[in-house]
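A.B. asks: One structure is given below, represented as structure tokens, and several questions about it will come after.
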Amino acid sequence: MEPVEINAGAYYLRQLRADRLLDDRPAVLAAFVDPELRRWVTGYQVEDLDSAGRYIALRDREWQDDLRCSWAVAEPTTGELLAEVGLKDLDLVRGIGSAACWTHPEHRGRGVMTQALQTALRFGIDGLGLRRIGYRHAAANESSRRVAEKCGFTLEATLHQATTVDGELHDVLAWSLVV
């Protein structure tokens, strides 16, 4: 599918970009070298501008392959990347997917993610026909817990020792939003 831009009130959701008009690579890099983000968002190695470019290209391919809708949460007047929000593991036939998100270190604690995720969820439900959306995070990640609660997810299960954080096994909270 083609990427979609969405007005999210105080923010707008747009495709991550690395072109001559808008380059999100420095902001992606700054986010992924932050120790707090690296604790919770695992599986990606973003350590320089080239790897940030590969990360952005991956998100573009995932859009094209109907696997993931991923948006830069942007400040509307400057286009500055504040966060990333997405719907991943999409199965459009069965109407299921999962939410994923992170916030740039400079923009945490301002409610950016709650509003952005609520907007992405509405798109997933109304635009893609999703009927079940999951959300998982390490149990110790209190910010993710607050976002899940504010966005209307219901806690379904605690998966014991299901992820590694700081070299140790931690529980994962599994939430769902069923329409």
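Under the UniProt record's numbering, the first residue of the sequence shown is numbered 1, with each subsequent residue one higher. Even glycine gets a Cβ: it sits at the ideal position worked out from N, Cα and C. Treat the numbers as computed from the prediction; the structure is a model and nothing was measured.
Cα separation between leucine 173 and arginine 136?
C.D. replies: Taking the first residue of the sequence shown as position 1, residue 173 is located at position 173. Taking the first residue of the sequence shown as position 1, residue 136 is located at position 136. Going from the Cα of leucine 173 to the Cα of arginine 136 covers about 6 angstroms.
A.B. asks: Among the residues of its own chain, which have a CB less than 7 angstroms from the CB of alanine 83, if the five just before and after it don't count?
C.D. replies: Along the sequence shown, read from residue 1 onward, the residue named residue 83 stands at position 83. Excluding sequence neighbours, alanine 83 sits near Val73, Cys101, Trp102, Thr103, His104, His107, Val112, Met113 and Ala116.
A.B. asks: Return the first residue and the last residue of the beta strand (DSSP E) that valine 33 is part of.
C.D. replies: As a position in the sequence shown, residue 33 is number 33, starting the count at 1. It is not in any beta strand (DSSP E) - valine 33 carries neither H nor E in the DSSP assignment.
A.B. asks: Decide if valine 178 is buried, meaning its Cβ has at least 16 other Cβ atoms within 10 Å, or exposed.
C.D. replies: Taking the sequence shown and counting its residues from 1, one reaches residue 178 at position 178. When all chains shown are included, valine 178 counts as exposed.
A.B. asks: Among the candidates Asp19, Phe153 and Ala31, whose CA atom is the shortest distance from the CA of alanine 57?
C.D. replies: For this step, residue 57 is matched to residue 57 along the sequence shown. If we check each option's Cα against that of alanine 57, Asp19 comes out closest.
A.B. asks: Please identify the residue among Gly79, Leu92 and Ser176 whose C-alpha is closest to the C-alpha of leucine 21.
C.D. replies: Along the sequence shown, read from residue 1 onward, the residue named residue 21 stands at position 21. Nearest option by C-alpha distance: Gly79.
A.B. asks: Are there three or more Cβ pairs, one per stretch, closer than 8 angstroms when the region 118-130 is compared with the region 55-71?
C.D. replies: yes
A.B. asks: Residue 185: which of Gln161, Arg145 and His160 sits nearest, CA to CA?
C.D. replies: Outside the modelled stretch of the chain, which goes from 1 to 179, sits residue 185, for which no answer is possible.
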